[in-house]
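*Asks:* Residue numbers (our numbering): 59 to 198. Input: one structure, supplied below.
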Ligand SMILES: [Zn+2]
Ligand SMILES: [Zn+2]
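Written out as structure tokens, the structure is:
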């Protein structure tokens, strides 16, 4: 039980320190600093428990594996958009929503929901021209 709590704490700390949604592989890489014996299966198990306990929620992006974010993040429970870096695959939360989508909606159509993800390169990757290497986890 104590081991379980320690692993769960490491997962939560990884998400808190990142300040952005993380993939399970990214959570593993960050949480291993605290619990070196941690494995990916354990990370998945803890994520599942945290999602069930509503401490963490999944961030779903089109065509992407789910990322996870702490529910305590301000605005996390509300409608949000994200920036996905095509170079390092990291996902960053954005402030606000462009809205006013009725302007491009044809007459007679009723919009219930929209999804919008900005794609491009994050500042780290944009400052490294020529490096478009795919990396699952941030190495630091
Ligand atoms: Zn990047
Ligand atoms: Zn929106």
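Just so you know, even glycine gets a beta-carbon here, dropped at the ideal spot from N, CA and C.
Just to confirm my understanding: we take residue 72, look at its own chain, exclude 5 residues before and 5 after, and list those with CB closer than 7 Å. What are they?
*Replies:* 80, 85, 88, 89
*Asks:* Which whole-angstrom value is the C-beta distance of residue 129 and residue 114, which I expect to be below 8 Å?
*Replies:* Confirmed, about 6 Å.
*Asks:* Tell me the rounded alpha-carbon separation between residue 193 and residue 167.
*Replies:* Bear in mind that the predicted position of residue 193 carries a pLDDT of just 49, short of 50, making it unreliable; the figure below should be weighed with that in mind. About 41 Å.
*Asks:* How many Å lie between residue 70 and residue 123 at the Cα?
*Replies:* 19 Å
*Asks:* Should residue 75 be labelled buried (16 or more other beta-carbon atoms within 10 Å of its own) or exposed?
*Replies:* exposed
*Asks:* With a 10 Å radius around its C-beta and 16 neighbouring C-beta atoms as the bar for buried, classify residue 37 as buried or exposed.
*Replies:* Residue 37 cannot be examined here, being either before or after the span of the chain that is shown, 59 to 198.
*Asks:* Quick check: does the Cβ of residue 176 come within less than 7 Å of any heavy atom belonging to ligand 2?
*Replies:* no
*Asks:* Below 8 Å, how does it come out for the stretch 168-180 and the stretch 139-148: are there three or more Cβ pairs, yes or no?
*Replies:* yes
*Asks:* Distance check for residue 77 and residue 165, CA to CA, integer angstroms please.
*Replies:* 40 Å
*Asks:* According to DSSP, which residues form a beta bridge with residue 142?
*Replies:* Answer is 149, 177.
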